[in-house]
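Novice:
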Amino acid sequence: MPSGVRASRVLLFVLGGSQALVALLTLAFALWLGARSASASEEVGELLLLAGGASAVTAVPFALFACWGLVTAARYGSGGPGTRLSALLYTTSVAALGVLLSSALPWMYGTGLCLALAAFVLLAAGEAGEWFDGRAY
Numbered sequence: 802m803p804s805g806v807r808a809s810r811v812l813l814f815v816l817g818g819s820q821a822l823v824a825l826l827t828l829a830f831a832l833w834l835g836a837r838s839a840s841a842s843e844e845v846g847e848l849l850l851l852a853g854g855a856s857a858v859t860a861v862p863f864a865l866f867a868c869w870g871l872v873t874a875a876r877y878g879s880g881g882p883g884t885r886l887s888a889l890l891y892t893t894s895v896a897a898l899g900v901l902l903s904s905a906l907p908w909m910y911g912t913g914l915c916l917a918l919a920a921f922v923l924l925a926a927g928e929a930g931e932w933f934d935g936r937a938y
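All residue numbers for the sequence shown refer to the numbering used here, where the first residue is 802 and numbers rise by one.
1) Taking the C-alpha atoms as reference points, what is the distance between PHE866 and SER894?
2) What are the complete alpha helix (DSSP H) segments, minimum 4 residues, inside the stretch 826 to 899?
3) In this structure, how does DSSP classify PRO907 when only helix, strand and coil are distinguished?
4) Spatial neighbours of GLY878 within its chain, please: C-beta separation below 8 Å, excluding the five flanking residues on both sides.
5) Would you kindly work out how many angstroms separate the C-alpha atoms of ARG837 and TYR910, rounded to a whole number?
6) If you draw a straight line from the alpha carbon of LEU825 to that of CYS868, how long is it in whole angstroms?
7) Between ALA755 and THR892, how many whole angstroms is the CB-CB distance? I'm expecting something under 8 Å.
8) If you follow the alpha helix (DSSP H) that GLY935 is part of, which residue opens it and which one closes it?
9) Between the alpha carbons of SER842 and GLY853, how many angstroms are there, rounded?
10) Quick one, are the C-beta atoms of SER856 and PHE830 less than 7 Å apart?
11) Nearest-angstrom Cα distance between LEU850 and THR859?
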């Protein structure tokens with residue numbers, strides 16, 4: 802495996818792992834809000850339940866993106882051109898979301914944007930294409 806492909810694999814593991822962590826933290830926050838709603842007044846309790854539900858729904862896309870990135874990175878050793886295509890689509894999606902959401906949390910989405918762009922550049926290199934196609938690099 803060429804060094805650029807190996808580095809992009811590590812970046813995909815980092816991106817997927819960080820998205821899994823965000824999904825878990827968001828779900829924990831939703832559960833915490835649900836627990837707090839029981840001890841709050843009726844109006845505040847309803848708002849806390851609504852916010853908890855929204856947080857739980859927000860955790861789902863993060864979990865799906867995390868699974869996509871981690872499974873793609875895990876398939877690098879045995880995958881062919883489809884694995885490279887999946888990695889390119891994943892990094893493009895993460896970069897696009899990073900651009901759209903960077904105004905909300907610049908430190909978080911900006912970091913993901915940089916990692917996704919670095920992985921994309923490494924995957925777009927010629928030796929990566931040759932390696933995923935099964936030719937000697």
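C-beta atoms are modelled at their ideal positions from N, C-alpha and C, and glycine is treated no differently. Here the structure is a predicted model, which means the values were calculated and not measured.
Specialist: Reading off the structure:
1) Distance between the alpha carbons of PHE866 and SER894: 9 Å.
2) Within the stretch 826 to 899, the complete alpha helix (DSSP H) runs of at least 4 residues are 843 to 875.
3) Three-state result, PRO907: helix.
4) Taken in chain order, the residues that qualify are MET802.
5) Cα to Cα, ARG837 sits roughly 29 Å from TYR910.
6) As the crow flies, the alpha-carbon of LEU825 is around 13 Å from that of CYS868.
7) Look at the range of the chain in this structure, 802 to 938, and you will see that residue 755 is not part of it.
8) First-last for GLY935: undefined, no H or E at that position.
9) In this model, SER842 and GLY853 are separated by some 16 Å (Cα to Cα).
10) Cβ distance < 7 Å, so SER856 and PHE830 count as in contact.
11) LEU850 and THR859 have their C-alpha atoms roughly 14 Å apart.
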